[in-house]
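Structure first, commentary second.
Chains as they are written, first to last, in the numbering used here: chain A, 1 to 658; chain B, 659 to 1316.
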């Protein structure tokens, strides 16, 4: 007998669930809280709901997927989609019905409810001194009396007027030099990289030169388009890292490479394609920004982007560059290279100006990469008199501790729970996600707030909420509040008292206890949104690993108190610091020394884009920061197990001061 | 009425003529003295006679060509040729008959009578100090105690053992580093460019590293494959410059670029393809060389070529690099760049090791390029106490005059006559070409020698000669001997006395007087091989332009005598120095100071490949040598007209000493 439901997994979000057979893929996406754009109202007209059905057996997900599990291609689809698209497995989500298990990829362009920029750019106080600068010069025309070649002619002028000597020129610039000089009537703008290499020649007086800083996270990629002449961010873009389909964390990506001959090239190509898409998106945003219509910026093209800077963890760095990441997966976890790299964008397949270069921040160790260097460039613990602890929470957690005297760093495997992954109703920080939770300690009444709505649950109607899931900060809030209300015990298990709540139940299918945060009628998915015992375990593991890291590092430096604690990362900027202490994720400390610093890695990467001294500093930092391998510390296991528990009381942490 | 003959033009030689319709293309090639390889004896079996029929209207040649002017494709052809080849216009020369005018391209592989390496490599006395060197190192394995990254680990060792510091690494080498270290059990060979950049990593102990020097002439391209560890040439290859189809000289190539949007890219691609073909050919030659079977060289691949050096005239340099050559075509003829260039081979599409770089010798002026710098690197007039005059004769003539005190240079438009082009029976220096001519001053009997045969005409039978045409040195000999015998007058016209020779006649068709060098029965083309009045005019123009250049340069330096005269170039190594003086091509001088130095440009390019100091010297020379624009000298026209005449007597040149 044919089954009545099918398993659907949406990529890159990873959202999965059972849906009735026969419904369309767009309908399935709504049931599972994944939005596919369908502005025409499922009338198979707009073609916006393009999705791709992946073909093959996906062991990781335990399903087989393919076109044979979907309705046949309809005329509407052949009219709307290109023949090559259909060949590649693309379909219209509103025209295609579910006939069996499917792994469905939703292109960025088809996503509804664009992600709220979680990697928001912080304010930076940087002296503007970019690697790439523009020089406008006018040279005397070549004559029979002075027939010096074009290059030497402009060098003479650049040396005299701008003290630039021993310049080189790249092939692309050289190719355009004779034409530009003559079109511009011997007046040109020369774009110079690091006072060393001419990378672009444009006729006449050109203003405008843009750079882009990228933070390549395991889960999220963020890009900041900056005006190199003012240092201002003119657009911010972000997307999921498309590599999530090969595995959620760096270890599974390394495994994918080891198991597939073309795995490295494929993962690299995926991320390069996404970067190119973000470049295009940023350029498009600026061009269509009504506030910039009067400015020359409104004519920006990708070719106007003349410098790039990248930060990422070491594995993402290696994979992007197609450098074998296998040694990162085994003791002693050595990277292929520590120092910063400068590569030609065109060698990497990045669609910006052909002469542009890409700067990659250095990697400290196999699990502490350029993103941590970025955090340090932004937060400058190396200049600090007081002892700073910086916790950068992404798919992995990286920790930096120290001051101007000494800095140490380490990494801890937090897992993706804090980003909303591997959580039953977890989702990324997009509209509809529960981001704040409050539980009345006496009535146990739940109130919550979703992204995209200003009012809390209690001030809205059920039908108004259209809640879709829980994002990282919501999960942490929920656990903190459940613990404070006594519904969850010190061990992380639901307490005996929990039975008293009508929101508590045992899921008959999974066998796990769960607590309802939002009832089905408040959601857009038609089901109760719960936090399960399994979800709580995931968060406990994550918070324990961060706490253990902090503790062992403080022990290493022999300190018991801190001048400041900074929480960085997409997640860090949203969490409730108080509750993070409540559940024992961070060392106990006075509220005043606790700061959320947003996407500090991205800020630091932007600093490297805008100031060449920061690039030098990045290599100095990489050489001087000491890496601590937490798992090799004698007391690691013991501390980790202990830290899994929720604290008795907040002042439980006073043992740090013993 | 249908015409009975058709015009056939063979490329890249440029040989053209009328042939009867209905004969095969191989037969036509024999009539016109162009050999297509047909080892199976025209039996349509071996497929060696692959040729391509060019399609379109060729204004330059005044013909329309295409498959419709040839017999239809036969079964034999579809069996032998690939479908894509037929699509591209390829045919079997022995199966295809002429039905109308045709422009036919003969691929290098289908050429019979391989060209005698006219650009032979001279002996060079160079200290071996190549830009690229190999270092074999063994590093300690990474451990938890010493988990330094791979790159920094090998740098530590390279600094300690080989004093190499501040090394960079390119992307290709970085990609192979982790794998090579682990495959080689921490023993690797590091290939370093200029003590600065790691360009290759190979596991274990690698020996063998090759470089190739290329001399890109307007007409001929020569390549020298060298062992970078011994400096020895291990193979020499050459081919016609495929750009000849766009025009014989640099001016017509520049015009082609100006008239065709894609002309520059197309010409560049043609020459890059030929270079790649020569690289493959050289590698193949070494692999199949029986003398090298025991050596590791027999396993050479193109990937083992890790450094390249190039010399060429300025226009060929610009065109290869796709740098706009248009300014070279107009006053003041300024190049885009003087200084030497270092480019990545892969950016240029050169199929060698992906990390290899290409070094381009600097260009002195629009018409004195890196080839002249090459000549100086090989002949070192810059170190000479005595006054040297170097005449490099190719499609253009370049002159260098001076000593260690001062060097000047200039160029003269010799035209391609001295290379056998634009001469009625002219051909390149291949077997069957008349290379030496003697005319008895009293009996006017002609004797000659062809390339590929040891005996002269008088010691052979007519049927044995199989003469095909005249190459540059033969043409010069012929004119010198005709002049000495009194058959040609001082003006260059046939003298009244010429009538007395049975070899003299007026061609009824062309109206030109001509003199028979070889009778039809001595030839393989079945026609008398003659030197025409028009041919003599071409040579007069060429020799006058060289002589005028020499004279004006000597005047410029205020000198009347020379320490040595060196004749360089493909042609220079074959000419009879005595006759060159007889016809007034070079200043009169004692025979003892006159030397043929072969392809000095190629030798100098090889010097730059093998010794990095020579690269520095090339830029110093480029800055210090003064360029003289001959056509701007007051007396240029007057001198040129005067020099067109043949001298009264050899001592006519005594005016140089006035």
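Cβ coordinates follow ideal geometry from the N, Cα and C atoms, glycine included.
Since we're looking at a predicted model, the values are computed, not measured.
> Can you give the beta carbon distance from residue 977/B to residue 1019/B, rounded, assuming they're within the 8 Å contact cut?
Replying inline: Not confirmed; about 15 Å, so no contact.
>> Rounded to the nearest angstrom, what separates residue 941/B and residue 1007/B at their Cα positions?
In response: Rounded to whole angstroms, the gap between the alpha carbons of residue 941/B and residue 1007/B is 18 Å.
> Going by alpha carbons, who is nearest to residue 203/A out of 214/A, 188/A, 194/A and 212/A?
Replying inline: 188/A
>> I believe residue 140/A touches residue 186/A by the beta-carbon criterion, under 8 Å. Please report the beta-carbon distance rounded to the nearest angstrom.
In response: Confirmed, Cβ separation roughly 7 Å.
> In chain B, which residues lie less than 8 Å from residue 152/A when you measure between Cβ atoms?
Replying inline: 995, 996 and 997
>> For residue 51/A, tell me which candidate among 62/A, 104/A, 64/A and 466/A has the shortest Cα-Cα distance.
In response: When each option's Cα is compared against that of residue 51/A, the closest is 104/A.
>> Using the three-state DSSP reduction, which class does residue 1271/B fall into: helix, strand or coil?
In response: helix
>> To the nearest angstrom, how far is the alpha carbon of residue 723/B from that of residue 747/B?
In response: 11 Å
> From what residue to what residue does the beta strand (DSSP E) around residue 425/A run?
Replying inline: No beta strand (DSSP E) holds residue 425/A; DSSP gives it neither H nor E.
>> Just checking: is the beta-carbon of residue 175/A within a distance shorter than 8 Å of some beta-carbon in chain B?
In response: yes
>> Going by DSSP in three states, residue 756/B sits in which element: helix, strand or coil?
In response: strand
>> Just verifying my parser: in three-state terms, what is the DSSP assignment at residue 1232/B?
In response: Three-state result, residue 1232/B: coil.
> What residue does the beta strand (DSSP E) around residue 710/B start on, and which one ends it?
Replying inline: 708-711
>> Beta-carbon within less than 8 Å of residue 713/B's beta-carbon, same chain only, minus the 5 sequence neighbours each way: which residues are those?
In response: Closer than 8 Å at Cβ, skipping near neighbours: 723, 724, 725 and 747.
> Do residue 872/B and residue 1263/B have their C-beta atoms within less than 8 Å of each other?
Replying inline: yes
>> I'd like to know if the segment 559-567 of chain A and the segment 389-407 of chain A are in contact, where contact means that at least 3 CB-CB pairs between them fall below 8 Å.
In response: yes
> With distances taken from CA atoms, which of 14/A, 6/A and 10/A is nearest residue 23/A?
Replying inline: 6/A
> Across which residues does DSSP place residue 869/B in a beta bridge pair?
Replying inline: 884/B and 965/B
> Where residue 598/A and residue 824/B are concerned, what is the direct C-alpha to C-alpha distance, given to the nearest angstrom?
Replying inline: 36 Å
> What separation, rounded to the nearest whole angstrom, lies between the Cα atoms of residue 994/B and residue 983/B?
Replying inline: 8 Å
> Among 1134/B, 1295/B, 1175/B and 1058/B, which residue has its Cα nearest to the Cα of residue 1126/B?
Replying inline: Comparing Cα-Cα distances from residue 1126/B to each of 1134/B, 1295/B, 1175/B and 1058/B, the minimum goes to 1175/B.
> At a Cβ threshold of 8 Å, is residue 385/A touching chain B?
Replying inline: So, not an interface residue.
>> Contact criterion: CB-CB distance below 8 Å. Does residue 171/A meet it with respect to chain B?
In response: Output row for residue 171/A: interface = yes.
> Any idea if residue 737/B is buried or exposed, counting beta-carbon neighbours within 10 angstroms, 16 or more meaning buried?
Replying inline: exposed
> Exposed or buried, residue 626/B, counting other C-beta atoms within 10 Å across all chains shown (16 or more means buried)?
Replying inline: Coverage of chain B is limited to positions 659 through 1316, which leaves residue 626/B absent and any answer about it impossible.
> DSSP on residue 150/A, reduced to helix/strand/coil?
Replying inline: helix
>> Taking its Cβ as the centre, do 16 or more other Cβ atoms sit within 10 Å of residue 1316/B, making it buried, or is it exposed?
In response: Note that residue 1316/B scores 32 on pLDDT, short of 50, meaning its location in the model is unreliable; the coordinates nonetheless yield the value given after this. Burial call: exposed.
> Where do the ends of the beta strand (DSSP E) carrying residue 483/A lie?
Replying inline: Where residue 483/A is concerned, there is no enclosing beta strand (DSSP E), although the alpha helix (DSSP H) it sits in stretches over 472-484.
> Straight-line CA distance for residue 1233/B to residue 1254/B?
Replying inline: 8 Å
>> For residue 847/B, would you say it is in contact with chain A, using Cβ-to-Cβ distances shorter than 8 Å as the test?
In response: no
> What does residue 856/B pair with, by DSSP beta-bridge criteria?
Replying inline: 827/B and 850/B
> Of all the CB atoms in chain B, is at least one closer than 8 Å to the CB of residue 120/A?
Replying inline: In this prediction, residue 120/A has a pLDDT of 46, which is less than 50 and means its spatial position is unreliable; nothing more can be read from the coordinates.
> Going straight from the alpha carbon of residue 1124/B to that of residue 689/B, what length do you get?
Replying inline: Between residue 1124/B and residue 689/B, the C-alpha separation is close to 12 Å.
>> Rounding to the nearest angstrom, what Cα-Cα distance links residue 208/A and residue 227/A in this structure?
In response: 7 Å
> Mind checking residue 917/B: buried by the 16 CB within 10 Å criterion, or exposed?
Replying inline: exposed
>> Looking at the secondary structure, which residues open and close the alpha helix (DSSP H) in which residue 547/A lies?
In response: 533-557
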